[in-house]
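Single-structure report; data block below.
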Amino acid sequence: MARILLAEDDDSLREFLAKALRRAGHWVEAAPDGSEAESKLDGNVFDLLLADVVMPGIDGIELARRASARDPELKVLFITGFAAVALRQRDGLPGAPRVLSKPFHLRDLVAEVDSILAA
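One point on numbering: in our numbering, the residue at position 44 of the sequence shown is 44, and numbering is uninterrupted.
Okay, structure coming up:
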């Protein structure tokens with residue numbers, strides 16, 4: 001079981017993703033934006049940050065930078081409808097974060113999460 005921090009600003013998608021990941025056996029802490037997700041980093045250790053790239057306030061890329069600065073071992077998976085933007089902007093992040101483009105099937109998300117955690 002991995003500890004996953006999920007940052008997604010779409011309420012229904014966030015709930016859907018969290019439920020699917022929990023059913024796959026993971027512990028999930030969900031946040032509606034980058035600011036709240038960042039606050040959840042205090043006093044918690046996560047194995048994976050799963051973040052939407054485009055969110056109000058602190059976007060997923062900046063959240064990943066801040067989270068990785070706190071924990072360089074943290075793995076990162078971006079979910080976005082704007083994959084080309086994410087691929088251009090993620091260069092400064094450690095560990096070569098992966099990008100899963102929306103729309104995606106839940107089995108693809110779970111498989112990608114499992115692949116990242118196994119690496």
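Glycine included, every Cβ here is placed at the ideal spot set by N, Cα and C.
Assigned secondary structure, residue i (DSSP; H/G/I helix, E/B strand, else coil)
| i | result |
| --- | --- |
| Lys102 | coil |
| Leu48 | strand |
| Phe82 | coil |
| Leu41 | coil |
| Glu73 | coil |
| Ala128 | Examination of residue 128 is not possible in this model, given that the chain is present from 1 through 119 alone. |
| Glu29 | strand |
| Ala7 | strand |
| Gly34 | helix |
| Val53 | coil |
Selected residue, minimal CA-CA separation from residue i, among the options
| i | options | result |
| --- | --- | --- |
| Asp42 | Leu117, Val76 and Leu5 | Leu5 |
| Arg22 | Arg3, Asp10 and Asp33 | Arg3 |
| Ala118 | Pro32, Ala37 and Asp47 | Asp47 |
| Pro97 | Ala111, Pro56, Leu50 and Val110 | Leu50 |
| Glu38 | Leu13, Ala20, Glu112 and Met55 | Met55 |
| Asp71 | Val45, Asp9, Ser115 and Ala30 | Val45 |
| Met1 | Ile61, Ala24, Lys19 and Arg107 | Ala24 |
| Ile79 | Glu112, Arg65 and His26 | Glu112 |
Buried or exposed by the 16-neighbour rule on C-beta atoms within 10 Å, applied to residue i
| i | result |
| --- | --- |
| Glu73 | exposed |
| His105 | exposed |
| Lys102 | exposed |
| Val99 | buried |
| Ala7 | buried |
| Ala67 | buried |
| Lys19 | exposed |
CB-CB length for residue i against residue j, believed under 8 Å
| i | j | result |
| --- | --- | --- |
| Leu63 | Gly34 | 4 Å |
| Asp59 | Pro32 | At roughly 13 Å, the Cβ-Cβ gap does not stay under 8 Å, so Asp59 and Pro32 are not in contact. |
| Leu109 | Leu13 | Contact flag wrong, Cβ pair sits at about 11 Å. |
| Asp9 | Asp52 | 6 Å |
Residue i beta carbon near the ligand GDP (any heavy atom closer than 7 Å)
| i | result |
| --- | --- |
| Leu17 | Looking for the ligand GDP in the displayed structure turns up nothing, as the structure carries no ligands at all. |
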